[in-house]
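Each residue of the sequence shown is one higher than the last, beginning at 5 in the working numbering. Beta carbons are placed, not taken as given, at the ideal position from N, Cα and C, and that holds for glycine. From a predicted model like this one, the values you see are computed outputs, not experimental measurements.
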Amino acid sequence: KDIQTGEYAKSFIIENRAGAPTLQSRRRLTAGHQIEQVGGKLRAMMPWIAKNKLVDQSKN
């Protein structure tokens with residue numbers, strides 16, 4: 005319903021213009037989650053993955 009009325013887009017734009025505080029907060033919370041920490045260790049053990057990265061975390 006929010007998508008159909010345009011409310012989702014409006015709130016997304018407002019959030020983005022304000023510096024995306026909700027997004028940044030959620031990213032901080034998930035970064036500390038155990039699954040993210042284990043995933044980081046596993047990816048470090050697989051150097052061939054780094055060669056084919058889909059996301060550059062320094063930019064995103």
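Through-space distance from residue j to residue i, alpha-carbon basis
i   : j   : result
S62 : R31 : 14 Å
Q41 : T34 : 10 Å
F16 : V59 : 22 Å
A24 : H37 : 20 Å
G43 : K14 : 34 Å
Residues of its chain near residue i, where Cβ-Cβ distance is below 7 Å and the 5 sequence neighbours each way are ignored
i   : result
S29 : none
Y12 : D6
Inter-residue CB distance, residue i and residue j (contact presumed, cutoff 8 Å)
i   : j   : result
R47 : I39 : Contact doesn't hold; Cβ gap of about 12 Å is too wide.
Contact under 8 Å by Cβ, residue i with residue j
i  : j   : result
T9 : E19 : no
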